[in-house]
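> Let me give you the structure first, and then I'll get to my questions.
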Amino acid sequence: MRSTLFFLLLLAIGSVSAQKNYNNSWGGWSNKVKGNGEVTTDSRDLKNFTGISACCNLRVELRQGGYDVRVEAESNLQEYIRTEVSGGRLEIGFARNTNIQAQRDIVVYVTLPELDYLSASSSSEIVTKTAFTGEDLEIGVSSAASIKAEFSGREVRADASSGARIELAGRADRIRAEASSGAGVRAGEFSTKIARASASSGGGVTVNASEEVEGEASSGGSVRYRGKPSGVDANSSSGGSVKPDTNHSH
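In mature numbering (1 follows the signal peptide of the UniProt record, and there is no 0), the protein residues as written are -18 to -1, 1 to 232.
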């Protein structure tokens, strides 16, 4: 009898752990919806945006090309997944005061011709599946979210906070990168001429510059640089450090 009860308990725990919660309970209460296990793909007719904003544990995959937005999710959850264009940005999230208990991962596939803005929050994830080319790109992540992007352009601004992470590949003339509160910006594989980097409160930034690096680190933050820049302006305080990335193998 005990072994039977133990087995049933394991099944119950496994069932709960297999679920993935997507919560947008701003108002203190929420409408709970459990996925039915039937995965469908819904095409959304959306255009005229150059930026992406995602939240709430969602995964977004990006490609460069003509506009196309598709949502892959369980059929009874599709109506609660919000995709709308506002101010030139595609905002991806959930209906307000909704607690989604999905049996399958929810993935949003987005193709767009031009990219200049990325924002991820609340454990969401944005990944570029093709290399993007453009002018300037602004990236912001917070609250354990992550963005992994390959981009070539003129300037990139990257800001990570609260345990979030940015990982960059490609090249640009300049990068401005900031990390705080345990967050990280990994741009060691992102080739630039000039890099401005700032890290605080346990945040970490790695940059790659051939001409000039300006680094500032405080309160346990760290700035590491690659690329053998001809000029380095380092400013550190309160346990922060600005140093060459000696762990990188050339």
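By construction, the Cβ of each residue, glycine as well, lies at the ideal position given by its N, Cα and C atoms.
Which two residues bound the contiguous beta strand (DSSP E) that contains Gly33?
From DSSP, the beta strand (DSSP E) with Gly33 extends over Gly33 to Ala36.
> Nearest CA to the CA of Glu193: which residue from Ser182, Ala181, Asp215 and Ile108?
Asp215
> Is Ala146 near Arg158, with beta carbons less than 9 Å apart?
no
> For the candidate residues Ala127, Val123 and Ile88, whose alpha-carbon lies nearest to that of Glu56?
Ile88
> Does DSSP put Tyr62 in a helix, in a strand, or in coil?
Collapsing the DSSP output to three states places Tyr62 in a helix.
> So the candidates are Ser220, Ser219 and Gly213; which of them puts its Cα closest to the Cα of Pro226?
Gly213
> Alpha carbon to alpha carbon, how far is Arg139 from Glu132? Give it in angstroms, no decimals.
14 Å
> Where Ala169 and Ser134 are concerned, what is the direct C-alpha to C-alpha distance, given to the nearest angstrom?
13 Å
> Among residues of its own chain, excluding the 5 on either side of Arg136, which ones have a beta-carbon nearer than 7 Å to its beta-carbon?
Glu117, Asp118, Ala154 and Asp155, listed in sequence order.
> Skipping 5 residues on each side, what residues in its chain have a beta carbon closer than 6 Å to that of Ser223?
Only Ala199 and Ser204 meet the Cβ criterion.
> Name the residue from Asn58, Arg78, Gly47 and Gly70 whose alpha carbon lies nearest to the alpha carbon of Thr115.
Gly47
> Going by C-alpha distance, which of Val42, Thr228 and Ile121 is nearest Thr65?
Val42
> For Gly221, which three-state DSSP category applies?
coil
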